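S.K.: Handing you this structure, nothing more for now.
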Amino acid sequence: MKQLDMVYLMKVALHVKDMNDIQNIEMINKKCGIAINSLKVNPWFTSERDVNKFCNIFNPPTCNCNLLPVDESVLMKVENIRNYELDSFNRTVKIVNANNQLNLQHQKMTEEEKERMAKIIQKVESMTCFSNIMEEMMEVVVQNMKKGIKIRFNEICAERFDEIFDKMKIEESMYPSEMIIYGRINNNWIKARENKNIIVICETRGLIEQESEINIPKGITIYSSNILLVKPNNETNIKFVRSPSDSLFSNVKVNVFSQPRFNDMSSVTVNIEDISNEENRKKVYKILNDLYVDSILFTSPNQQTTGNSTNSLQNKIPQLPEYIKYICVQSRMLNLIIDNKQLEYLEVGSCDSTIELKSINNLKQLKLYGVNKLKINEIKEEQEITTTNNRKYWKDIQENISTFPNLEELQLAQCSNLNISLISNKLRSVKVVECHQCKINIKSDCIERLRLERAIHTQFKLSTNKSTDIYIKEGDTFTLEIESNNEQNIEIIEGNQINVKSKCPINKLIIVESYEVSIRGNEKCNTMKVIESTIKEIDIKPKRIIFKLIKEYIKVPLKEAEEIYIVSMKDYIFEELFDKCKKLCIDECENCQFIINKNQIKEMKITKCKNTEITGKLDNIEEIITIDNEECNIPETKKVIKEDTEIIEMDNTNKDIEIETDKKYVIIRNIHDRNIKIKSDINSDVTIENCKNITLEGEYEHYGNIQFINCKNNKETRFNNQDNRSTIGYARSISINKCENIDFEIYGTKKLLEVIDSKVDISVRSCSHNVNIDTIHIENSEFPVFNLSVSCNKAILNNSTGVNEIIHRCEEELIMKRINDMQFMLNQSLKKVEMEECSGINIKDDVKGKEVKMIRCHNIKIIDTSNSINQIECDNIEVITEQQNEMMRGFGMMGGFTHNNMPMGGFFSSCLK
0 MKQLDMVYLM KVALHVKDMN DIQNIEMINK KCGIAINSLK VNPWFTSERD
50 VNKFCNIFNP PTCNCNLLPV DESVLMKVEN IRNYELDSFN RTVKIVNANN
100 QLNLQHQKMT EEEKERMAKI IQKVESMTCF SNIMEEMMEV VVQNMKKGIK
150 IRFNEICAER FDEIFDKMKI EESMYPSEMI IYGRINNNWI KARENKNIIV
200 ICETRGLIEQ ESEINIPKGI TIYSSNILLV KPNNETNIKF VRSPSDSLFS
250 NVKVNVFSQP RFNDMSSVTV NIEDISNEEN RKKVYKILND LYVDSILFTS
300 PNQQTTGNST NSLQNKIPQL PEYIKYICVQ SRMLNLIIDN KQLEYLEVGS
350 CDSTIELKSI NNLKQLKLYG VNKLKINEIK EEQEITTTNN RKYWKDIQEN
400 ISTFPNLEEL QLAQCSNLNI SLISNKLRSV KVVECHQCKI NIKSDCIERL
450 RLERAIHTQF KLSTNKSTDI YIKEGDTFTL EIESNNEQNI EIIEGNQINV
500 KSKCPINKLI IVESYEVSIR GNEKCNTMKV IESTIKEIDI KPKRIIFKLI
550 KEYIKVPLKE AEEIYIVSMK DYIFEELFDK CKKLCIDECE NCQFIINKNQ
600 IKEMKITKCK NTEITGKLDN IEEIITIDNE ECNIPETKKV IKEDTEIIEM
650 DNTNKDIEIE TDKKYVIIRN IHDRNIKIKS DINSDVTIEN CKNITLEGEY
700 EHYGNIQFIN CKNNKETRFN NQDNRSTIGY ARSISINKCE NIDFEIYGTK
750 KLLEVIDSKV DISVRSCSHN VNIDTIHIEN SEFPVFNLSV SCNKAILNNS
800 TGVNEIIHRC EEELIMKRIN DMQFMLNQSL KKVEMEECSG INIKDDVKGK
850 EVKMIRCHNI KIIDTSNSIN QIECDNIEVI TEQQNEMMRG FGMMGGFTHN
900 NMPMGGFFSS CLK
């Protein structure tokens, strides 16, 4: 009995998700400790860090990688490896010939890498690969794999594996005991192998219409989530399964990009024609019943069915079994009728079509893509939805209103000329994306979220008594009309000619990077924040105003404001704004004048301003915060404060950090596993230090200087398909020091981008406010990804890798120190190049007209037709002069030089063709 208890404990321990729980179990009593120490394999951890820690502490003979990038040191010391992802080794391979680094056929592994990989593969019992890997890696797999190995590949990897296996004439008994291929079922390269379990899993969106297209030999089992009806005499072994099949045959969930995802539910795919035919419909319904599915993805046949089709069944989805609650239709039909009373979820993707619903009583979610007209032809019963919101415009459109008694979520995408009016007192969420020339009217007293993205020439009317978060992004010539008794939150992001008619109080109105915005309604507003935008018309009454970098300021009646923040404004005179103002903050303004006509202001903050003057009635000011101002006329007062800092440290809650601040300095320390959102009323300087597994959410925020110091994310977060990016809208300068595995997305920085002693991903986007960066300084850092969409004036690069994009974008001065083994092209505008202690550099374009200096450099190849390079203590510098350059142009030199300095792709390569 004791032995059975031990076996039970060990089996339970294998399914513990993290190392902390394992250590807690180990400490319960002696028996639990023995059970943990007796495990022959690590549990199914979801973190690479936990796998590494367990294997290093308990030394099990087998490592279950669970498709995580486990440390190579762990893999080298165990005897067996399970669920190894081949791409985790692929990420560590360095490209030998950078000339063709995008072409896998030309990539080469070093001998040392081949030896390391061979040692790992010889231990692997089961392996997965869904990435496009180089041919040499596949050769190492074929030559070193264990007998009886189990492999899961996508069809590209599987085809390459079979080609190499047959080409090398490996003994047939060494072929994997189980080969699972994710792909299509019309691949003629797949062949059966004696005593081998070969499986094809088909989850592609497109259906195989004709039985003749099945090209899989006998002896191979097909698992398909596409219901394909075959003739009785067909010997193809097809087993139908529900999608997604991530963990089919294993506890490991693989990432198969081609498989359809339907509302994160298990489903099957059915051809609409197969349920139009009564005989086939019975077969399909039997399969559905056997699979216990409650959701179906319908697709239409390849040939387009027109609305004038004589077969009306082709345009109608007939009554489905009662257990089918969710359907998604991807159809090319111009007219589609859906008549299923039990439906709770309906998603329709159909280009320029008309959808007719016969029943909507039970519908909870409705998603329409590309639909131009929605008809509701339900037999109406006596229904009454009570609402406290009977407003005028609803009387104008009442004849076309549809009542959805249970609808909770509505999504409209890529619809044109759609006119829809609906009432639902359970509707909580509405999302409208890329709709053109639509009229949408919604009435609901439960609505919480309204997202309107990329809507053009569209009108939206909302009537609600719920406080709703309304988000408008990238709209053009868009009108929103709101009626409510409760306060609403409205965000307008990157819009053009946005017209908001507000018949309701507003809590927060935020306008970012938008133009010609009109806000009308003569209603009260608690906070109005305008960033880098232009206001066409405004007549609301905000109590709190934030103006940041307003491109075109027009005087508007804002005299009700009690708090006013003016940020990053230049060459403006502000007056007639401050009649009721009690708190005035001026940050980073230059050459501005503030005229105070009424003696109301008690608090004032002036930070980092230049040539700015505050005049008028200032007798009631009780305190002034003043920091780093130059040549400013600052009022005198008894209390002058020189410090303005907010510090946030770790607390015991697990909530994300969201702060709104008007402090000049914000310091965040020792925060773990949180999302950080900083909404700064002024351009706050932000320091984030000693944090782990954090993201900064600030895509549309403007900051001063931002510093990340000693911040680290888990390595596995870079590979788990989650969005772990830290976004920075705009900052004067950004400094990243001693950080690891953080993905930064930057939308604007002016003065400095600095990275020191770090390994991070960086993408600098091209935006309206993102002009050239003055200086990029990189030192002792590594960039798996560095995308730069803007130029820099000066680049200082020291002992770092992944900096090619910076070099190409540098327009004035480039300084490189200890940069090795790179080839690149310089920016044509570049004026000065300085290299110190660099080696293996190949500059592929002429440096004529540029000031070039090299100090203690080795093995450099460079074209200089002006003979102007200044060399100090250098050796093996190959300078192509004007005469040599002309000769190689005659040979048609392309793509640099080979190791013996012969032109690649020119005369000699043409002779070999």
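In numbering that gives the first Met the number 0, the protein residues as written are 0 to 912.
Every residue, glycine too, gets a C-beta built ideally from N, C-alpha and C.
Owing to the predicted nature of the structure, the values given are computational and were not obtained by experimental measurement.
Could you tell me the boundaries of the beta strand (DSSP E) in which residue 432 lies?
M.R.: Residue 432 sits at position 433 when you count from the first residue of the sequence shown. Where residue 432 is concerned, the enclosing beta strand (DSSP E) stretches over 428-432.
S.K.: Taking only the alpha-carbon atoms, compute the straight-line gap between residue 773 and residue 830 and give it to the nearest angstrom.
M.R.: For the purposes of this step, residue 773 is identified with residue 774 of the sequence shown, where counting begins at 1. For the purposes of this step, residue 830 is identified with residue 831 of the sequence shown, where counting begins at 1. Distance between the alpha carbons of residue 773 and residue 830 is about 15 Å.
S.K.: With the cut-off set at 8 Å, would you say residue 198 and residue 222 are in Cβ contact?
M.R.: Residue numbering aside, residue 198 sits at position 199 when the sequence shown is read from its first letter. Residue numbering aside, residue 222 sits at position 223 when the sequence shown is read from its first letter. Cβ distance < 8 Å, so residue 198 and residue 222 count as in contact.
S.K.: Would you mind listing the beta strand (DSSP E) stretches within the stretch 727-804 that are 3+ residues and don't spill past its ends, in chain order?
M.R.: List check, beta strand (DSSP E) in window: 739-745, 748-755, 758-763, 772-778, 785-787, 791-797.
S.K.: If you draw a straight line from the alpha carbon of residue 506 to that of residue 762, how long is it in whole angstroms?
M.R.: As a working note, residue 506 is residue 507 in the sequence shown. As a working note, residue 762 is residue 763 in the sequence shown. Looking at the two C-alpha atoms, the distance is approximately 34 Å.
S.K.: Take every Cβ of the stretch 436-448, pair it with every Cβ of the stretch 461-480, and state whether three or more of those distances are shorter than 8 Å.
M.R.: With the cut-off at 8 Å, the stretch 436-448 and the stretch 461-480 touch.
S.K.: Residues in its own chain within less than 7 Å of residue 16 by CB, not counting five upstream and five downstream?
M.R.: On the sequence shown, residue 16 is found 17 positions in, with the first residue counted as 1. If we look at residue 16 and ignore the five residues flanking it on each side, its Cβ neighbours are 44, 45.
S.K.: Give the list of continuous beta strand (DSSP E) stretches no shorter than 3 residues that lie fully inside the stretch 454-507.
M.R.: Taking only runs of at least 3 residues, the beta strand (DSSP E) segments lying wholly in the stretch 454-507 are 455-462, 468-472, 475-482, 487-492, 495-502.
S.K.: According to the Cβ coordinates, are residue 609 and residue 629 closer than 8 Å?
M.R.: The residue given as residue 609 occupies position 610 in the sequence shown. The residue given as residue 629 occupies position 630 in the sequence shown. Yes, the Cβ-Cβ distance between residue 609 and residue 629 is below 8 Å.
S.K.: Count the other CB atoms, across all protein chains shown, that sit within 10 Å of the CB of residue 78; report buried if there are 16 or more and exposed otherwise.
M.R.: Counting from 1 along the sequence shown, the entry for residue 78 is found at position 79. Exposed.
S.K.: Is the beta carbon of residue 569 sitting closer than 8 Å to the one on residue 602?
M.R.: Taking the first residue of the sequence shown as position 1, residue 569 is located at position 570. Taking the first residue of the sequence shown as position 1, residue 602 is located at position 603. No, Cβ-Cβ distance for residue 569 and residue 602 is not below 8 Å.
S.K.: Compute the Euclidean distance between the alpha carbons of residue 342 and residue 729, then round it to the nearest angstrom.
M.R.: Counting from one through the sequence shown, the residue named residue 342 turns up at place 343. Counting from one through the sequence shown, the residue named residue 729 turns up at place 730. Taking the straight line joining both Cα atoms gives about 47 Å.
S.K.: Helix, strand or coil for residue 85? Go by DSSP, reduced to three states.
M.R.: The count along the sequence shown starts at 1 and reaches residue 85 at position 86. Residue state, collapsed to three classes: coil.
S.K.: DSSP three-state label for residue 855, please.
M.R.: Position 856 of the sequence shown, counted from the first residue, corresponds to residue 855. Coil.
S.K.: Using the Cβ count rule (16 or more neighbours within 10 Å means buried), how would you classify residue 14?
M.R.: What you label residue 14 is simply residue 15 of the sequence shown in a count that begins at 1. Looking at its Cβ environment, which holds fewer than 16 other Cβ atoms inside 10 Å, residue 14 is exposed.
S.K.: Below 8 Å, how does it come out for the stretch 657-671 and the stretch 682-698: are there three or more Cβ pairs, yes or no?
M.R.: Verdict: yes, contact present.
S.K.: Does the Cβ-Cβ distance between residue 535 and residue 517 come in under 8 Å?
M.R.: Along the sequence shown, read from residue 1 onward, the residue named residue 535 stands at position 536. Along the sequence shown, read from residue 1 onward, the residue named residue 517 stands at position 518. It is a contact, given that the beta carbons lie within the stated cut-off.
S.K.: Assuming residue 482 contacts residue 462 (C-beta within less than 8 Å), just tell me the rounded distance between them.
M.R.: Locating residue 482 in the sequence shown gives position 483, counting from the first residue. Locating residue 462 in the sequence shown gives position 463, counting from the first residue. Between residue 462 and residue 482 the Cβ distance is about 5 Å, and since that is below 8 Å, they are a contact.
S.K.: Any idea what DSSP makes of residue 157, helix, strand or coil?
M.R.: Here residue 157 refers to the residue found at position 158 of the sequence shown. Correct three-state label for residue 157: helix.
S.K.: Tell me the DSSP secondary structure of residue 12 in three-state form.
M.R.: Translated into positions along the sequence shown, residue 12 becomes position 13. Helix.
S.K.: Residue 744: buried (16+ other C-beta within 10 angstroms of its C-beta) or exposed?
M.R.: Looking up residue 744 in the sequence shown gives position 745. Buried.
S.K.: Tell me where the alpha helix (DSSP H) around residue 869 begins and ends.
M.R.: Indexing the sequence shown from 1 puts residue 869 at position 870. Careful: residue 869 lies outside any alpha helix (DSSP H), inside the beta strand (DSSP E) at 869-871.
S.K.: Return the residue from the list 867, 420, 370 that minimises the CA-CA distance to residue 349.
M.R.: Looking up residue 349 in the sequence shown gives position 350. Per the Cα distances, 370.
S.K.: Can you pull the DSSP bridge partners for residue 177?
M.R.: Reading the sequence shown from its first residue, position 178 is the one you call residue 177. Answer by DSSP bridge pairing, in chain order: 149, 196.
S.K.: Compute the Euclidean distance between the alpha carbons of residue 180 and residue 161, then round it to the nearest angstrom.
M.R.: Here residue 180 refers to the residue found at position 181 of the sequence shown. Here residue 161 refers to the residue found at position 162 of the sequence shown. Approximately 12 Å, taken between the alpha carbons.
S.K.: Using the C-alpha atoms, what's the distance from residue 808 back to residue 828?
M.R.: Position 829 of the sequence shown holds residue 828. Position 809 of the sequence shown holds residue 808. Rounded to whole angstroms, residue 828 to residue 808 spans 9 Å at the Cα level.
S.K.: Out of curiosity, what's the CA-to-CA distance linking residue 835 and residue 856?
M.R.: Here residue 835 refers to the residue found at position 836 of the sequence shown. Here residue 856 refers to the residue found at position 857 of the sequence shown. So the alpha carbons of these two residues sit roughly 6 Å apart.
S.K.: Tell me where the beta strand (DSSP E) around residue 328 begins and ends.
M.R.: The sequence position of residue 328 within the sequence shown is 329, counting from 1. Segment 325-330, the beta strand (DSSP E) holding residue 328.
S.K.: Just reading off the alpha helix (DSSP H) that residue 116 is part of, what are its end residues?
M.R.: Locating residue 116 in the sequence shown gives position 117, where the first residue counts as 1. Where residue 116 is concerned, the enclosing alpha helix (DSSP H) stretches over 110-120.
S.K.: Would residue 438 and residue 407 be called neighbours here (beta carbons separated by less than 8 Å)?
M.R.: Locating residue 438 in the sequence shown gives position 439, counting from the first residue. Locating residue 407 in the sequence shown gives position 408, counting from the first residue. Their beta carbons are not under 8 Å apart, which means residue 438 does not touch residue 407 by this criterion.
S.K.: Could you check which residue in 877, 9, 423 has the C-alpha nearest to that of residue 32?
M.R.: The sequence position of residue 32 within the sequence shown is 33, counting from 1. The residue with the shortest Cα to Cα distance from residue 32 is 9.
S.K.: Since residue 697 contacts residue 670 with CB under 8 Å, what's their CB separation in whole angstroms?
M.R.: Residue mapping note: residue 697 aligns to position 698 of the sequence shown, counting from 1. Residue mapping note: residue 670 aligns to position 671 of the sequence shown, counting from 1. Not confirmed; about 15 Å, so no contact.
S.K.: Pairs of beta-carbons, one from the stretch 107-114 and one from the stretch 62-69, closer than 8 Å: are there three or more?
M.R.: With a cut-off of 8 Å, the stretch 62-69 and the stretch 107-114 do not count as touching, because too few Cβ pairs lie within range.
S.K.: For the structure I just gave you, are there three or more beta carbon pairs, one from the stretch 608-627 and one from the stretch 652-660, closer than 8 Å?
M.R.: Contact between the stretch 608-627 and the stretch 652-660 is absent, because fewer than three Cβ pairs lie under 8 Å.
S.K.: Write down the C-beta distance between residue 529 and residue 550 rounded to the nearest angstrom, noting that I regard them as a contact closer than 8 Å.
M.R.: To locate residue 529, count along the sequence shown from 1; it is residue 530. To locate residue 550, count along the sequence shown from 1; it is residue 551. Wrong, their Cβ atoms sit about 10 Å apart, outside the cutoff.
S.K.: My output table needs one value for residue 313: the three-state DSSP class, helix, strand or coil.
M.R.: Locating residue 313 in the sequence shown gives position 314, where the first residue counts as 1. Unreliable positioning characterises residue 313 in this predicted model, as indicated by a pLDDT of 49, which lies under 50. The coordinate reading is nonetheless provided below. Helix.
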